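Novice: Note that the numbering used here has the sequence shown beginning at 2, numbered continuously upward.
Every residue gets a Cβ at the ideal spot worked out from N, C-alpha and C, and that includes glycine.
Bear in mind the structure is a predicted one, so any value in this text is a computation, not a measurement.
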Amino acid sequence: MNPSIAHYLTTWFSSTSVTKPLRIGLATEPTLPLSSGAKFELTPSTPVATLDYSHEVAGYPYYDVEFISGKVQIEIKYSEEFKGLSTNFSDGPFPFAIGLSNTNRVETFELNETGPFQAFLLQGGQRWQSIRLLTSGSVTFSTIGFTASVSNIDVSTLPGGFESDNVMLNDIWALGARASSLACIDRGTQGSMWEFDMNGAFVRGMKPGLTIKGASFQNYTLKFNTMIKRGGIGWAIGDPIEKPLGLQLNLIGELPKNTTFVNTNTIFTPPNSLILSYGYSLVNVTTLPSYRLDVFNTPPIKEKTWYTERTILDTADNLAVYIDDAEIFNTSLSSYYVGEKPIQTSGTFGFSGWQDQVGYIKNVIVRDTFNQSLLYNNTMMTDTDLVLTEYGVHSNLQTTCLDGAKRDRLVWLGDFYHTSRIIPVTTSRSDHLKGTLKTFLDRQTENGLLPFAPPIGYNASGAKQTFAFGGGASAGLEIYGAVLADYQILGLISYSNYISSSNDLEFAHQTWSNWQLLADWLIAQLSPDTGLPVFLSSFLGPSQGSAVSCALVQALSQLVEVAMALNDLASATKYQTAATKISTAVNRQLWNPTIGVYSLSAASPGDYSIAAIGLCITSGKANTTQALQSLQALDALKLGPGYKDSTQVNSSDLSTNISPNINGFLLAAIISHNASSKALSLLESLWSPMLSNPKTSTGASWEYVNLEGNPGLGMFTSLAHPWGGAPTYLITEWAAGLRRAGGLSGNWLINPDVGLAMGLKTASARVVTAFNGSLSVKWTLNEGVVDVIINAPSNTSGVFEAAGTRKVLGGENSYRFNKCRFRLVTARDDNSPSTIKSLSMASYTPLNQ
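(1) Check whether the stretch 655-672 touches the stretch 614-630, taking contact to mean three or more Cβ pairs, one atom from each stretch, closer than 8 angstroms.
(2) Pick from 357, 157, 519, 688: whose alpha carbon is nearest that of residue 659?
(3) Does the Cβ-Cβ distance between residue 542 and residue 610 come in under 8 angstroms?
(4) Just the C-alpha distance for residue 400 and residue 438, rounded to the nearest angstrom, thanks.
(5) If you measure between the beta carbons of residue 117 and residue 65, is that distance less than 8 angstroms?
(6) Beta-carbon separation of residue 766 and residue 733 under 8 angstroms?
(7) Rounded C-beta distance between residue 112 and residue 69? I'm assuming under 8 angstroms.
(8) Could you tell me which residues DSSP pairs with residue 42 in its beta bridges?
(9) Report the CB separation of residue 123 from residue 101 in whole angstroms; it is logged as a contact under 8 angstroms.
(10) Just how far apart, CA to CA, sit residue 187 and residue 281?
(11) Within the continuous beta strand (DSSP E) that includes residue 207, where are the two ends?
(12) Check whether the stretch 130-149 touches the stretch 36-50, taking contact to mean three or more Cβ pairs, one atom from each stretch, closer than 8 angstroms.
(13) Can you tell me where the alpha helix (DSSP H) with residue 1 in it begins and where it stops?
(14) Contact defined as beta carbons within less than 8 angstroms: I believe residue 312 pairs with residue 472. What is the distance between those atoms, to the nearest angstrom?
(15) Are the beta-carbon atoms belonging to residue 157 and residue 182 less than 8 angstroms from one another?
(16) Considering only residues of the stretch 522-584, which uninterrupted alpha helix (DSSP H) runs meet the minimum length of 4 residues and lie entirely inside it, listed in chain order?
(17) Near residue 788, what residues of its chain come up, given a Cβ to Cβ distance below 6 angstroms and the 5 sequence neighbours on each side ignored?
(18) According to the neighbour-count rule (16 or more other Cβ atoms, all chains shown, within 10 Å of its Cβ), is residue 371 buried or exposed?
(19) Residue 268: buried (16+ other C-beta within 10 angstroms of its C-beta) or exposed?
(20) For residue 385, report the span of its alpha helix (DSSP H) as first-last.
(21) Would you list the one or two residues that DSSP bridges to residue 757?
(22) Distance, Cα to Cα, residue 647 vs residue 638?
(23) Decide if residue 602 is buried, meaning its Cβ has at least 16 other Cβ atoms within 10 Å, or exposed.
(24) Going along the chain, which residues of its own chain have a beta-carbon closer than 6 angstroms to the beta-carbon of residue 331, five neighbours each way excluded?
(25) Can you give the beta carbon distance from residue 208 to residue 91, rounded, assuming they're within the 8 angstroms contact cut?
(26) Restricting to Cα atoms, I'd like to know which of 54, 43, 220 is closest to residue 30.
(27) Could you check which residue in 533, 18, 242 has the C-alpha nearest to that of residue 589?
(28) Three-state secondary structure (DSSP) at residue 50?
(29) Taking the alpha-carbon positions, what's the residue 216 to residue 467 distance?
(30) Report back the beta-carbon spacing between residue 59 and residue 147 to the nearest angstrom; my notes put them in contact at under 8 angstroms.
(31) Rounded to a whole number of angstroms, what is the C-alpha to C-alpha distance between residue 196 and residue 303?
(32) Taking residue 184 as part of the beta strand (DSSP E), name the residues at either end of that continuous run.
(33) Can residue 449 and residue 518 be called in contact, C-beta distance under 8 angstroms?
(34) Just to confirm, are residue 298 and residue 276 a CB contact at a threshold of 8 angstroms?
(35) Who are the Cβ neighbours of residue 544 in its own chain at under 6 angstroms, not counting the five residues just before and after it?
(36) Thinking just about the alpha-carbon of each residue, which of 155, 582, 539, 390 is nearest to the one in residue 530?
What follows is the structure in structure tokens.
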């Protein structure tokens with residue numbers, strides 16, 4: 002292992018200390034500004050502490066109680082955005098996926114003794130935290146913080162780095178570094194969600210953990226024993242597991258005063274009642290609709306008392322619930338409105354609870370409603386490790402990278418594209434990249450398809466078929482080829498990115514047949530009529546469109562490099578031939594010479610998108626003239642922050658969001674064609690808003706940005722999302738000018754032209770190579786003279802370029818060029834309103850080579 006990485010890991014693993022807030026404030030409500038400090042007291046006159054960690058952190062909430070007086074209950078809120086501390090549910094809940102973190106962003110504790118304690122459920126990402134005293138007592142905390150669940154995120158100590166005289170660029174570079182550090186997790190660091198004892202499975206308030214064994218169930222009766230320890234207990238039924246949209250039930254007990262938290266909302270969860278809802282949760286969440294269908298009265302439900310619950314579904318869409326053989330309701334689901342589509346009743350089941358609820362589940366039995374044949378039987382008290390993996394609540398079994406820190410804690414195939422480029426220039430954690438690729442490969446189908454968003458709490462071997470072929474009404478249908486099929490392309494590119502950065506030819510060889518299988522599936526999707534890829538659904542753009550076609554060209558072209566490194570000349574020829582044919586088809590059918598850009602698709606010849614522009618340029622599909630014309634066409638897509646997705650997006654619609662993910666593809670195209678002013682403008686307009694407002698800044702890249710430069714999905718927005726971190730690797734590669742020269746041979750290229758054209762006076766960058774050492778560059782401009790220092794492993798070779806002049810280097814550890822004199826000429830860049838400096842080298846003198 003490279004010494005710099007070893008030191009980085011040793012520093013983190015040897016330091017199990019708590020991540021503490023940088024500033025704390027005491028008031029009656031969440032407040033700013035704050036002051037430094039650690040120890041503090043909450044009293045009825047100052048009941049609220051606001052804690053600012055300065056940037057996004059992740060882990061298990063930790064508290065050290067020094068003193069308690071009287072009855073003390075506290076309500077904790079966690080949020081990426083400051084204003085979440087002042088809303089009922091903070092910036093949650095997050096019911097789309099379990100993600101091995103707390104579904105809720107609010108939790109309550111009653112404190113009865115002094116000393117340290119740690120919350121059981123993980124909080125995946127937050128900058129802000131508040132603690133509100135709910136009762137008449139008082140409490141003093143000596144320490145508050147998070148026991149870290151991710152590696153060290155001090156970007157100044159990472160193996161890879163960037164620094165320049167432009168503070169904004171430095172801070173933007175750090176956004177992706179921090180986001181990927183928060184989203185990439187080591188095996189076993191995200192703990193199991195359930196516990197077990199002699200009473201069965203102990204379930205806390207969370208999104209339902211769903212069994213993989215019931216995906217094809219329909220018309221069934223679910224029976225189990227339950228005991229509420231506090232508040233209530235929940236379960237889901239008729240849930241198509243690949244899209245967790247199902248019937249949700251929540252049983253609320255008597256809510257006795259001695260065990261019920263004082264902040265319990267008895268209007269929302271009335272005592273002795275059963276709530277029926279449909280969707281993702283009991284409440285509506287941004288982009289995740291939920292319907293509160295009904296509330297039924299129940300007999301008195303006592304805590305710490307066992308009850309037998311029976312839920313019955315039948316073919317007539319009737320739903321009935323019995324508790325100890327007493328009918329609670331028997332209703333027709335068709336009588337409830339849930340939007341355009343009727344309630345679906347086929348699919349699996351699982352167990353949950355609402356915020357702060359805890360209870361036990363045991364003796365789970367499922368029978369066919371009509372013939373009473375046994376479909377499922379689990380006591381929940383034996384082979385508990387298998388129960389955890391069956392219900393998707395086991396600690397993470399693989400080192401891998403998630404989509405975001407707080408939300409969408411799944412391993413998204415297409416979104417990994419940018420992460421696969423960020424990590425090599427920041428943490429250099431190749432194990433994170435390899436582990437993510439293994440996560441996909443462990444679930445690959447026989448025809449080569451990879452899962453587009455595997456969850457992390459299931460065992461791959463058990464869940465593979467369930468998620469690949471769906472549940473509920475779509476049980477048995479292939480999912481991966483029908484949903485986000487172009488993510489298969491981006492996943493293939495990520496594999497090539499990993500092999501290029503790591504030179505891990507052993508892994509490349511071991512898994513080569515898997516990637517060949519995927520490549521063959523993608524090639525098989527080419528239309529015999531048009532030669533363009535045909536997908537049922539895609540993210541980047543329409544089927545047979547420019548974006549998906551150029552992405553496939555890029556994927557196959559990069560795969561050629563891997564094939565050559567593995568000496569598989571036949572595969573290299575096959576992939577190159579396919580890429581060339583697609584390129585020809587794109588040029589013939591989708592290039593629109595009238596408007597000078599690639600059309601969105603043949604069906605929309607007058608429309609175009611930033612994904613198509615970006616990917617058609619970076620794939621090498623566009624020639625120089627086409628690239629320049631395409632970049633000029635961007636003016637029609639420019640909005641306040643960045644560029645809208647396509648000409649089909651209404652610029653006047655205030656709900657329009659800008660995607661840093663897609664703008665990242667575009668930025669790569671802009672900056673690689675030396676459009677320095679346009680690149681700098683995009684960085685300033687889209688990524689600087691992620692830094693400028695302390696109430697929304699987390700120090701990490703965002704998921705979406707709205708037209709005003711705020712989080713695009715409101716508080717639901719993931720504010721630590723690596724898919725928005727493309728500038729991190731592009732700034733290293735182009736602003737500092739340090740990048741791989743192509744192939745897998747350890748060649749590198751140093752070229753400061755773009756950084757100089759951006760107006761930088763000094764820049765430095767370092768990356769860890771796969772060749773026993775780091776590659777670094779530092780250059781400084783002073784009165785037209787540039788001094789350049791390059792350090793590289795002696796067993797690598799490279800090229801130093803500047804203003805069209807190049808020098809081949811190799812065999813040494815250090816190279817220095819000084820007195821590189823430039824003639825500075827003011828010029829305009831691609832009709833951009835900004836001016837830049839065009840450079841031509843008058844002379845250069847290598848001191849050491």
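Specialist: Working from what's here:
(1) yes
(2) Locating residue 659 in the sequence shown gives position 658, where the first residue counts as 1. Comparing Cα-Cα distances from residue 659 to each of 357, 157, 519, 688, the minimum goes to 688.
(3) What you label residue 542 is simply residue 541 of the sequence shown in a count that begins at 1. What you label residue 610 is simply residue 609 of the sequence shown in a count that begins at 1. Yes, the pair counts as a contact, with Cβ atoms nearer than the cut-off.
(4) Against the sequence shown, residue 400 aligns to sequence position 399. Against the sequence shown, residue 438 aligns to sequence position 437. One C-alpha to the other measures close to 10 angstroms.
(5) In the sequence shown, the residue the question calls residue 117 occupies position 116. In the sequence shown, the residue the question calls residue 65 occupies position 64. A contact, by the Cβ cut-off of 8 angstroms.
(6) Translated into positions along the sequence shown, residue 766 becomes position 765. Translated into positions along the sequence shown, residue 733 becomes position 732. Contact flag set, yes.
(7) To locate residue 112, count along the sequence shown from 1; it is residue 111. To locate residue 69, count along the sequence shown from 1; it is residue 68. Between residue 69 and residue 112 the Cβ distance is about 6 angstroms, and since that is below 8 angstroms, they are a contact.
(8) Counting from one through the sequence shown, the residue named residue 42 turns up at place 41. Paired residue(s): 141.
(9) Residue numbering aside, residue 123 sits at position 122 when the sequence shown is read from its first letter. Residue numbering aside, residue 101 sits at position 100 when the sequence shown is read from its first letter. At roughly 6 angstroms, the Cβ-Cβ gap stays under 8 angstroms, so residue 123 and residue 101 are in contact.
(10) What you label residue 187 is simply residue 186 of the sequence shown in a count that begins at 1. What you label residue 281 is simply residue 280 of the sequence shown in a count that begins at 1. Spanning the two alpha carbons is a distance of roughly 28 angstroms.
(11) Here residue 207 corresponds to residue number 206 of the sequence shown, with the count starting at 1. Secondary structure note for residue 207: its beta strand (DSSP E) is the uninterrupted segment 201-211.
(12) yes
(13) What is shown of the chain runs 2 to 850, which leaves residue 1 out entirely.
(14) In the sequence shown, counting from the first residue as 1, residue 312 sits at position 311. In the sequence shown, counting from the first residue as 1, residue 472 sits at position 471. The beta-carbon separation of residue 312 and residue 472, rounded to 17 angstroms, does not stay under the 8 angstroms limit for a contact.
(15) Reading the sequence shown from its first residue, position 156 is the one you call residue 157. Reading the sequence shown from its first residue, position 181 is the one you call residue 182. No; because the gap between Cβ atoms is not below 8 angstroms, this pair is not in contact.
(16) 547-566
(17) As a first step, residue 788 must be located in the sequence shown, where it is residue number 787. Counting only Cβ-Cβ distances below 6 angstroms, and skipping sequence neighbours, we find 781, 819.
(18) Start at 1 with the first residue of the sequence shown, and residue 371 comes out as number 370. The residue is exposed, with fewer than 16 neighbouring Cβ atoms inside 10 Å.
(19) Here the question's residue 268 lines up with position 267 in the sequence shown. The residue is exposed, with fewer than 16 neighbouring Cβ atoms inside 10 Å.
(20) Within the sequence shown, residue 385 is the residue found at index 384, counting from 1. Its alpha helix (DSSP H) spans residues 385-391.
(21) Position 756 of the sequence shown, counted from the first residue, corresponds to residue 757. As computed with DSSP, residue 757 is found in no beta bridge at all.
(22) Numbered from its first residue, the sequence shown carries residue 647 at position 646. Numbered from its first residue, the sequence shown carries residue 638 at position 637. Taking the straight line joining both Cα atoms gives about 7 angstroms.
(23) The count along the sequence shown starts at 1 and reaches residue 602 at position 601. By the neighbour-count rule (16 or more Cβ atoms within 10 Å), residue 602 is buried.
(24) Counting from 1 along the sequence shown, the entry for residue 331 is found at position 330. Closer than 6 angstroms at the Cβ level, and outside the excluded window around residue 331, lie 321.
(25) As a first step, residue 208 must be located in the sequence shown, where it is residue number 207. As a first step, residue 91 must be located in the sequence shown, where it is residue number 90. Incorrect: roughly 16 angstroms between the Cβ atoms, too far for contact.
(26) As a position in the sequence shown, residue 30 is number 29, starting the count at 1. Comparing Cα positions, the closest option is 43.
(27) Within the sequence shown, the letter at position 588 stands for residue 589. Looking at the Cα atoms, 533 is the closest of the given residues.
(28) If you number the sequence shown from 1, residue 50 lands on position 49. In this structure, residue 50 counts as strand in the three-state DSSP scheme.
(29) What you label residue 216 is simply residue 215 of the sequence shown in a count that begins at 1. What you label residue 467 is simply residue 466 of the sequence shown in a count that begins at 1. Distance between the alpha carbons of residue 216 and residue 467 is about 7 angstroms.
(30) The residue given as residue 59 occupies position 58 in the sequence shown. The residue given as residue 147 occupies position 146 in the sequence shown. Right, their Cβ atoms sit about 7 angstroms apart.
(31) Within the sequence shown, residue 196 is the residue found at index 195, counting from 1. Within the sequence shown, residue 303 is the residue found at index 302, counting from 1. Rounded to whole angstroms, the separation of the alpha carbons of residue 303 and residue 196 is 22 angstroms.
(32) Here residue 184 corresponds to residue number 183 of the sequence shown, with the count starting at 1. No beta strand (DSSP E) contains residue 184, which is instead part of the alpha helix (DSSP H) from 168-184.
(33) Sequence index remark: in the sequence shown, residue 449 carries index 448 (1-based). Sequence index remark: in the sequence shown, residue 518 carries index 517 (1-based). Taking 8 angstroms as the Cβ cut-off, residue 449 and residue 518 qualify as a contacting pair.
(34) Looking up residue 298 in the sequence shown gives position 297. Looking up residue 276 in the sequence shown gives position 275. Contact flag unset, no.
(35) Within the sequence shown, the letter at position 543 stands for residue 544. Taken in chain order, the residues that qualify are 535, 536.
(36) Locating residue 530 in the sequence shown gives position 529, counting from the first residue. Of the candidates 155, 582, 539, 390, the one whose C-alpha sits nearest the C-alpha of residue 530 is 582.
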